[in-house]
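I have placed the structure first, in the form of structure tokens, so that the comments after it can refer back to it.
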Amino acid sequence: MNTKGNKTTDKILDSTIELIFQKGIEATSISDIITKIGMSKGSLYFHFPDKQTLISEALSRYEKSFFEFINMSLQGNSPGEKMETFFESVMSMHESKNYSGGCIFGNTALEMADKNDSFSEKVKYVFNRWISILSSIIKDAQKTGEIRSDMDSQILAGFIVSSVEGGIMLSRLAKKGEPLSQTLSALKIMLCLKLKGQ
């Protein structure tokens with residue numbers, strides 16, 4: 001059962017996530033959060049003792065939905081088709097946001113890598129897990145001949161994540177889809193992605 005306290009906590013975390021997307025972690029203040037939610041500072045501190053804890057919990061909450069998206073996007077009848085669907089899903093998701101906000105984990109990596117070890121470790125874990133998931137699919141696609149087999153699947157997965165993050169950032173900067181779209185097209189060429197039956 002979702003109690004009133006749980007609903008309030010969820011509302012705080014969701015509002016914090018929105019603000020992090022808009023302003024980044026450092027620029028998001030406790031005052032911003034309580035203004036957005038419409039609660040007192042005392043009520044906020046009842047649920048979270050400090051900003052560090054709140055941001056950490058917000059990132060953890062978004063991590064769950066992030067990997068739900070990753071897993072849902074890797075759909076298909078073959079591993080190569082799963083990768084094709086993944087690329088299409090990434091493009092569609094950022095198109096639906098008008099390329100604003102970027103990726104919260106990429107943003108946090110750029111903002112906090114040299115400033116906050118706790119946040120950096122959390123983002124590092126997310127990227128490593130993402131790479132591991134893609135590496136497994138790529139390895140299967142190499143066996144079916146849908147992706148080139150002359151490079152290690154882990155290296156290819158890391159390159160995909162790095163490239164996707166760069167494409168997201170450039171599309172956010174340009175406020176249009178071409179940079180991300182071109183990145184995804186180039187990745188498919190680099191992978192020699194060829195679906196079974198084609």
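Residues 1 to 198 (the UniProt record's numbering) are what the sequence shown spells out, left to right.
We put the beta carbon where it would ideally sit given N, CA and C, even for glycine.
None of the values given here were measured: they were computed from a predicted structure.
Is the Cβ-Cβ distance between residue i and residue j less than 8 Å?
i, j, result
"Ala58", "Ile30", "no"
"Ile147", "Ile133", "no"
"Glu165", "Ile25", "no"
"Lys23", "Ile34", "no"
"Ile12", "Ile37", "yes"
"Ala157", "Pro79", "no"
"Glu95", "Gly177", "yes"
"Phe21", "Gly76", "no"
"Phe69", "Met39", "no"
What residue from the options has the CA that sits closest to residue i's CA?
i, options, result
"Leu170", "Ser120, Gly106 and Ser40", "Gly106"
"Phe127", "Thr3, Ala27 and Phe67", "Phe67"
"Lys82", "Gly177, Lys7, Ile12 and Thr144", "Thr144"
"His47", "Ser60, Arg129, Gly102 and Thr8", "Thr8"
"Lys122", "Ala174, Met72, Lys64 and Pro179", "Lys64"
"Ala174", "Tyr99, Ser120 and Asp152", "Tyr99"
"Leu191", "Arg172, Asp152 and Pro179", "Asp152"
"Arg61", "Asn6, Pro179 and Arg172", "Asn6"
"Arg172", "Trp130, Ile104 and Ser149", "Ile104"
"Leu184", "Phe86, Asp10 and Asp14", "Phe86"
"Ala27", "Pro179, Lys51 and Asp150", "Lys51"
Which residues mark the beginning and the end of the alpha helix (DSSP H) in which residue i is found?
i, result
"Phe69", "Lys51 to Ser73"
"Ser136", "Asp117 to Lys143"
"Lys36", "Ile30 to Ile37"
"Gly106", "Ile104 to Met112"
"Tyr45", "Lys41 to His47"
"Arg148", "That residue, Arg148, is in no alpha helix (DSSP H); it is neither H nor E in DSSP."
"Ile168", "Ser153 to Ala174"
"Ser100", "Here Ser100 belongs to no alpha helix (DSSP H), and DSSP marks it neither H nor E."
"Ser78", "Here Ser78 belongs to no alpha helix (DSSP H), and DSSP marks it neither H nor E."
"Thr3", "Counting along the chain, Thr3 falls outside any alpha helix (DSSP H), and DSSP gives it neither H nor E."
"Glu26", "Per DSSP, Glu26 belongs to no alpha helix (DSSP H) and is neither H nor E."
"Leu191", "Glu178 to Leu191"
How many whole angstroms separate the CB atoms of residue i and residue j, which I take to be in contact at a CB cut-off of 8 Å?
i, j, result
"Ser181", "Met91", "6 Å"
"Glu88", "Leu193", "With a Cβ gap of about 12 Å, Glu88 and Leu193 do not count as contacting."
"Leu19", "Asp32", "6 Å"
"Leu187", "Ile160", "6 Å"
"Ile189", "Gln154", "Not a contact, Cβ separation roughly 20 Å."
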